[in-house]
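Chains as they are written, first to last, in this note's numbering: chain A, 68 to 584; chain B, 68 to 584.
Protein chains: 2
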Amino acid sequence: MSKSPWIRTVRLTKPTLQDNTADTDRLISALKTDLQTDAVHLDLNLLKELPEILRKYDYKVRCILFKDRHRWLVTGITGVDDPRPLAGLAVDLGTTKVVLRLLDLTNGRTLGESGFDNPQLAVGPDILIRIHFAETSGGLKRLNELIITGLNQTVQDLCRSCRLEPRDIYTVTVAGNTAMTHLFMGLDPRWIIREPYIPAVNKPGVLKAAELGIQVNAAARVFIFPNVGSYFGGDLIAGIFFAGFHKLSDPAILVDVGTNAEVVVGNKNWLIACAGAAGPALEGGMTKMGMVAGPGVVDRIAINPDTHEFDLHIIDGGPPKGICGSGIIDLAAALFLSEMIDIRGKFVPAVCGKHLKQIDGLAHLVVVPADKSATGSDLTISQADLDSLIRSKAAMYTILETITTSVGITLKDLSSFFVGGTFGSFIDPRAAIAIGMLPDLPLESYKPLGNSSLGGAALALTSVDFLTEIDGIRDRITYLELNVNQEFMNRFSAAKFLPHTDASLFPLRFLLPPIIK
Amino acid sequence: MSKSPWIRTVRLTKPTLQDNTADTDRLISALKTDLQTDAVHLDLNLLKELPEILRKYDYKVRCILFKDRHRWLVTGITGVDDPRPLAGLAVDLGTTKVVLRLLDLTNGRTLGESGFDNPQLAVGPDILIRIHFAETSGGLKRLNELIITGLNQTVQDLCRSCRLEPRDIYTVTVAGNTAMTHLFMGLDPRWIIREPYIPAVNKPGVLKAAELGIQVNAAARVFIFPNVGSYFGGDLIAGIFFAGFHKLSDPAILVDVGTNAEVVVGNKNWLIACAGAAGPALEGGMTKMGMVAGPGVVDRIAINPDTHEFDLHIIDGGPPKGICGSGIIDLAAALFLSEMIDIRGKFVPAVCGKHLKQIDGLAHLVVVPADKSATGSDLTISQADLDSLIRSKAAMYTILETITTSVGITLKDLSSFFVGGTFGSFIDPRAAIAIGMLPDLPLESYKPLGNSSLGGAALALTSVDFLTEIDGIRDRITYLELNVNQEFMNRFSAAKFLPHTDASLFPLRFLLPPIIK
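Here's what the structure looks like:
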């Protein structure tokens with residue numbers, strides 16, 4: 068028996084006149100004993116190859132398996148010493164970007180990774196536009212073809228770069244939001260966006276790659292992460308799985324920030340989730356100079372408390388052309404800690420001095436003057452930008468407070484604070500705490516997860532039992548509908564101050580300004 | 068809930084903001100409760116249609132189901148009052164002829180029946196030639212296409228004549244011998260005919276119609292009857308199922324005579340089977356005048372004991388052109404009872420008188436003189452023909468004796484004697500008993516089954532639990548290898564007399580000659 072749970076080496080007793088069990092039934096019987104199960108299934112395609120394979124390898128073969136709840140599926144049969152690789156593919160099916168990771172199924176090692184812009188962007192940048200397009204004649208088919216074709220192309224390229232072939236891929240895991248997984252399967256998404264917001268399916272489970280049009284091994288199975296509803300998708304379930312919530316004793320939290328902030332609190336016994344608009348400010352999409360991280364973009368900012376000079380870190384160096392989400396949070400924290408803005412987030416002209424400029428009657432702070440920027444114009448942040456950022460950070464904190472309060476704990480009770488996505492990877496928790504966007508927990512509590520959707524999809528490929536684990540996570544989630552009631556508004560109002568009206572919540576108020584390494 | 072076990076009517080609670088379970092999961096959950104199961108599966112194709120169907124029929128739908136061991140599969144979803152028929156298709160996959168029966172799944176009633184010559188006859192009449200052809204390049208594919216194309220054509224014609232469409236067929240059951248089912252599935256049959264005679268599969272189980280190329284409903288499932296080995300196929304398992312062995316308290320026997328005689332003895336607790344060459348004599352394939360039943364063929368013969376005149380029954384009347392299996396057995400019995408042949412089966416010239424003729428030094432008995440035959444020649448039976456018939460009948464009786472002896476019972480202990488196939492439908496048991504081919508049991512023990520393969524396939528369509536029943540039958544069968552040892556030869560020698568050396572086994576020796584009605 069090989070080490071990996073996805074692969075089993077089976078030695079069959081050879082048939083005789085006295086023991087004339089058929090090839091397939093002989094193999095299934097041996098696997099049932101080996102796996103201690105009563106359900107093993109082989110596809111017709113494998114049945115067609117089996118007689119030759121068994122005789123070629125003298126009845127000693129290696130089986131590639133997939134466990135679909137109580138049923139084991141054989142997805143491949145090779146000779147024991149067959150040198151061909153056995154690979155799995157994890158897919159993060161993002162609305163904007165799709166990322167693939169190829170793994171060696173025998174040991175879980177990453178073989179390669181590749182991403183591509185979601186070709187559905189040609190139809191529309193946001194999922195709402197795509198859903199409306201799906202309702203037009205041929206629209207759903209077109210959206211489905213775009214994503215499947217794009218995926219197949221990238222699978223081919225990725226395989227080539229890893230010196231294997233698509234047919235070496237036996238298992239695929241796909242994590243995406245509810246709408247994206249619907250478009251991926253060719254399912255009608257129209258009811259996702261209409262009250263009462265009903266997906267076509269919560270648990271798509273296991274499908275054949277071939278029926279989805281995915282060009283990998285003919286017998287390969289595709290697992291699609293389940294969703295909890297229209298607004299809490301498989302990408303987040305993958306994140307919870309990746310963070311390991313289902314194994315934690317103490318309550319932890321996971322925050323994923325995109326257009327919405329999606330939040331999960333829980334431990335191995337319970338999970339509660341909610342999603343709410345946190346505003347685009349946190350992703351760098353708000354200010355005039357805001358943009359997603361990339362070369363020439365400011366991602367770290369500090370302010371010298373004495374001179375009030377800006378200290379910038381620019382990705383790949385050179386003159387800056389904009390500022391990304393983490394830079395904006397740094398900026399707000401630095402402005403506040405250097406007292407250039409007050410606890411309401413308003414510019415303090417006496418401190419800002421020459422940095423402040425009136426444009427169209429609105430106060431703007433010049434972060435990079437025109438002669439030092441890549442655009443030839445000033446890079447500025449306006450009072451309106453700051454107000455918007457503060458509303459976003461207040462919404463975020465209020466969501467965090469509301470969800471923890473709903474289960475009778477406080478933010479201080481959280482043992483781990485997982486932060487997903489680009490946001491989690493790049494923000495400086497000290498800056499986020501300084502402005503009161505994230506709670507004042509010990510810094511070591513903050514754990515960036517990176518692409519947790521991809522991470523969860525890849526993690527699934529390291530354990531044949533993943534399906535049961537993920538089903539378990541999904542079924543344990545209680546979705547909390549965020550009611551914007553008086554209590555919520557009171558919390559929101561208190562959180563609209565820097566860091567908060569209740570300063571006792573933020574002893575780190577006296578933290579030194581963030582320093583660029 | 069509708070009456071039929073294949074169909075369930077389900078009323079779902081409608082989704083609300085508080086109960087936002089997805090369409091698929093909502094339906095599956097209701098079916099799980101209704102069916103008291105934990106495994107219900109829907110194909111991707113149905114997932115695609117489900118949101119529209121549920122809303123169109125206001126969450127009250129009729130599900131067409133298939134039970135694959137522990138898993139329930141949904142193969143169709145319609146409105147409760149949808150007038151489209153729900154049909155099942157039973158297929159007897161014969162080497163020579165394929166017969167289809169269409170049933171109404173809601174009540175098990177036969178809608179229509181149709182047969183066609185197996186198009187693989189173009190490759191070769193017998194299965195051995197076809198298996199060798201399958202080993203040539205493209206041969207297997209060609210044989211598979213021939214049978215699938217032929218089946219699809221006849222399904223279409225049969226549906227048209229029953230005023231329904233192939234897409235109304237949700238379940239298909241297929242019974243055939245081991246080689247035919249392999250060719251039907253496109254499986255390599257070469258090891259079936261080579262020692263130690265190993266099929267590719269014993270229990271093909273349930274496949275999707277689409278993956279077999281069968282053009283019925285896209286979600287339809289196909290059940291292929293299991294085999295016990297290369298020489299005991301699904302057609303016989305279907306026969307056992309049809310005869311109801313698995314419900315009998317007393318031991319019964321089933322005999323199916325083709326090129327081989329296939330025999331099963333058993334009851335609800337045990338089943339023992341064997342197959343042996345019984346000779347083509349019994350199917351009308353031996354004598355020069357032998358032929359399969361059809362217009363102008365003699366199927367019944369009596370001899371006036373006083374005048375020794377022949378009394379013939381000709382199918383559809385007119386001058387006879389040949390004689391079929393049942394006619395030959397009648398003839399042998401009549402010759403023996405009128406003492407025109409002795410207990411060794413040799414002509415008694417003194418009694419045969421003018422009927423006897425020497426041709427090429429061999430005694431021939433003229434059954435129909437040239438001037439009364441359709442061929443313009445005498446229809447005769449030679450001494451060699453008779454010797455051959457007697458060897459066949461002796462082989463048959465010896466097999467019956469051997470199999471019953473092997474389980475410690477005698478032929479007299481059999482409560483029912485099922486006779487399958489054309490042979491069973493047309494022979495007169497009195498004639499077969501008179502020559503000692505079949506044992507001397509009360510006539511009411513003999514039960515012709517007709518096309519028991521088709522009968523079993525059709526019976527399966529009347530109960531959603533058939534798969535477990537058939538699996539159970541198949542697993543209970545012990546296959547008895549017929550060893551042609553001294554004991555067998557002793558029995559065979561004794562059975563080579565008319566009716567047998569031990570006359571006490573055949574009190575019906577004194578039966579009146581068969582009389583034509």
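Using N, Cα and C, we set each Cβ at its ideal position, and we do this for glycine too.
Opposing strand residues paired with Gln-425(A) [DSSP bridges]: Here residue 425(A) refers to the residue found at position 358 when the first sequence is read from its first residue. Ala-430(A).
Exposure label - Met-407(A); buried when at least 16 CB within 10 Å: The residue given as residue 407(A) occupies position 340 in the first sequence. It counts as buried.
Element boundaries [beta strand (DSSP E), containing Arg-411(B)]: As a working mapping, residue 411(B) is identified with position 344 in the second sequence. Per DSSP, Arg-411(B) belongs to no beta strand (DSSP E) and is neither H nor E.
Chain B contacts made by the region 267-299 of chain A, where a contact means CB separation under 7 angstroms: So the list reads Ala-267, Val-268, Asn-269, Lys-270, Leu-274, Glu-278, Gly-296, given in the order they occur along the chain.
Nearest neighbour of Lys-81(A), chosen from Leu-121(A), Ser-560(A), Ile-370(A) [CA to CA]: By one-based count along the first sequence, residue 81(A) stands at place 14. Relative to the Cα of Lys-81(A), the nearest Cα in the group Leu-121(A), Ser-560(A), Ile-370(A) belongs to Leu-121(A).
Member of Leu-510(B), Leu-160(B), Gly-182(B), Ala-319(B) whose CA lies at the smallest distance from the CA of Pro-496(B): The count along the second sequence starts at 1 and reaches residue 496(B) at position 429. The candidate whose alpha carbon is nearest that of Pro-496(B) is Leu-510(B).
Cβ-Cβ separation, Phe-292(B) to Ala-305(B) (assumed contact under 8 angstroms), whole Å: Along the second sequence, read from residue 1 onward, the residue named residue 305(B) stands at position 238. Along the second sequence, read from residue 1 onward, the residue named residue 292(B) stands at position 225. With 8 angstroms as the limit, Ala-305(B) and Phe-292(B) qualify as a contact, their Cβ atoms being about 5 angstroms apart.
Cα-Cα separation between Arg-129(B) and Leu-178(B), rounded to whole angstroms: Position 62 of the second sequence holds residue 129(B). Position 111 of the second sequence holds residue 178(B). Put simply, the backbone Cα of Arg-129(B) is about 21 angstroms away from that of Leu-178(B).
Within-8 angstroms CB hit, Trp-258(A) to chain B: To locate residue 258(A), count along the first sequence from 1; it is residue 191. Closer than 8 angstroms to the CB of Trp-258(A) there is at least one CB belonging to chain B.
Whole-angstrom C-beta distance between Cys-341(A) and Ile-470(A), which should lie under 8 angstroms: Here residue 470(A) corresponds to residue number 403 of the first sequence, with the count starting at 1. Here residue 341(A) corresponds to residue number 274 of the first sequence, with the count starting at 1. Beta-carbon to beta-carbon, Ile-470(A) and Cys-341(A) are separated by about 5 angstroms, close enough to satisfy the 8 angstroms threshold.
Minimum length 4: unbroken alpha helix (DSSP H) runs contained in the region 498-579 of chain B: Qualifying alpha helix (DSSP H) stretches, in chain order: 519-527, 533-543, 553-562.
Contact residues within the region 122-150 of chain A, judged by C-beta distance below 9 angstroms to chain B: For the region 122-150 of chain A, the residues whose beta carbon sits under 9 angstroms from a beta carbon of chain B are, in order, Arg-122, Arg-136, His-137, Arg-138.
Any C-beta of chain A under 8 angstroms from that of Leu-84(B): Here the question's residue 84(B) lines up with position 17 in the second sequence. Yes, contact with chain A.
The region 81-92 of chain B / the region 141-151 of chain B touching (three or more Cβ pairs under 8 angstroms): Contact between the region 81-92 of chain B and the region 141-151 of chain B is absent, because fewer than three Cβ pairs lie under 8 angstroms.
Beta-carbon gap between Gly-36(A) and Leu-528(A) smaller than 8 angstroms: No information on residue 36(A) is available, as it lies outside the stretch 68 to 584 that chain A covers here.
CB contact below 8 angstroms: Lys-424(A) versus chain B: Walking along the first sequence from the start, residue 424(A) turns up at place 357. Look at Lys-424(A): its C-beta is not under 8 angstroms from any C-beta on chain B.
DSSP beta-bridge partners of Asn-327(B): The residue given as residue 327(B) occupies position 260 in the second sequence. Looking at the DSSP assignment, Asn-327(B) forms a beta bridge with Ala-344(B).
Arg-197(B) - containing beta strand (DSSP E), residue span: Within the second sequence, the letter at position 130 stands for residue 197(B). From DSSP, Arg-197(B) is part of no beta strand (DSSP E) but of the alpha helix (DSSP H) over 194-201.
Environment of Arg-75(B) [buried if 16+ CB atoms lie within 10 Å]: To locate residue 75(B), count along the second sequence from 1; it is residue 8. The residue is buried, with at least 16 neighbouring Cβ atoms inside 10 Å.
Contact list for Thr-255(B) against chain A, beta-carbon separation under 8 angstroms: Translated into positions along the second sequence, residue 255(B) becomes position 188. The sequence given here places Asp at residue 255(B); Thr does not occur at that position. Chain-ordered, the chain A residues with CB closer than 8 angstroms to the CB of Asp-255(B) read Lys-115, Pro-118, Glu-119.
Arg-458(A) (DSSP reduced to helix, strand or coil): For the purposes of this step, residue 458(A) is identified with residue 391 of the first sequence, where counting begins at 1. It is helical.
CB contact check: Met-252(A) to chain B, cutoff 8 angstroms: For the purposes of this step, residue 252(A) is identified with residue 185 of the first sequence, where counting begins at 1. Cβ-Cβ to chain B under 8 angstroms: yes for Met-252(A).
Identity of the residue in Val-283(B), Pro-256(B), His-249(B) nearest Gly-272(B) by Cα: Along the second sequence, read from residue 1 onward, the residue named residue 272(B) stands at position 205. Taking only the C-alpha atoms, the option nearest Gly-272(B) is His-249(B).
Minimum Cβ-Cβ distance from Asp-92(A) to chain B less than 8 angstroms: Within the first sequence, the letter at position 25 stands for residue 92(A). Asp-92(A) counts as touching chain B.
Strand pairing of Leu-140(A), partner residues [DSSP]: Counting from 1 along the first sequence, the entry for residue 140(A) is found at position 73. Looking at the DSSP assignment, Leu-140(A) forms a beta bridge with His-108(A), Phe-133(A).
Per DSSP, cross-strand counterpart(s) of His-380(B): As a first step, residue 380(B) must be located in the second sequence, where it is residue number 313. DSSP lists Arg-367(B) as partners of His-380(B).
Classification of Ile-426(B) by the beta-carbon crowding that lies within 10 angstroms, buried from 16 upward: As a working mapping, residue 426(B) is identified with position 359 in the second sequence. That one is exposed.
Endpoints, alpha helix (DSSP H) assigned at Asp-184(A): Within the first sequence, the letter at position 117 stands for residue 184(A). Counting along the chain, Asp-184(A) falls outside any alpha helix (DSSP H), though it belongs to the beta strand (DSSP E) covering 177-184.
CA-to-CA distance, Met-463(A) to Ile-502(A), given in whole angstroms: Locating residue 502(A) in the first sequence gives position 435, where the first residue counts as 1. Locating residue 463(A) in the first sequence gives position 396, where the first residue counts as 1. Straight-line Cα distance between these residues: approximately 12 angstroms.
Inter-residue CB distance, Leu-516(B) and Phe-309(B) (contact presumed, cutoff 8 angstroms): Reading the second sequence from its first residue, position 449 is the one you call residue 516(B). Reading the second sequence from its first residue, position 242 is the one you call residue 309(B). Contact between Leu-516(B) and Phe-309(B) holds: CB atoms are separated by about 6 angstroms, below the 8 angstroms threshold.
Beta-carbon contacts of Lys-99(A) that lie in its chain and below 6 angstroms, excluding the five residues immediately before and after: The residue you call residue 99(A) lines up with position 32 of the first sequence. Hits under 6 angstroms: Val-107.
Among Thr-442(B), Ala-441(B), Leu-453(B), nearest to Ala-400(B) - alpha-carbon criterion: Taking the first residue of the second sequence as 1, we reach residue 400(B) at position 333. It is Leu-453(B).
Ser-483(A) classed as buried or exposed, judged by whether at least 16 other C-beta atoms fall within 10 angstroms: Here residue 483(A) refers to the residue found at position 416 when the first sequence is read from its first residue. Its Cβ being crowded by 16 or more others within 10 Å, Ser-483(A) is buried.
Three-state class that DSSP yields for Ala-242(B) in the structure shown: For the purposes of this step, residue 242(B) is identified with residue 175 of the second sequence, where counting begins at 1. Note: Ala-242(B) maps to strand in three-state DSSP.
Host alpha helix (DSSP H) of Ala-157(B) (start-end): Translated into the one-based positions of the second sequence, residue 157(B) becomes position 90. Counting along the chain, Ala-157(B) falls outside any alpha helix (DSSP H), though it belongs to the beta strand (DSSP E) covering 154-160.
Where Ala-310(A) meets chain B, residues with beta-carbon distance less than 9 angstroms: Counting from 1 along the first sequence, the entry for residue 310(A) is found at position 243. For Ala-310(A), there are no neighbours in chain B by C-beta distance under 9 angstroms, as the nearest C-beta there is about 24 angstroms away.
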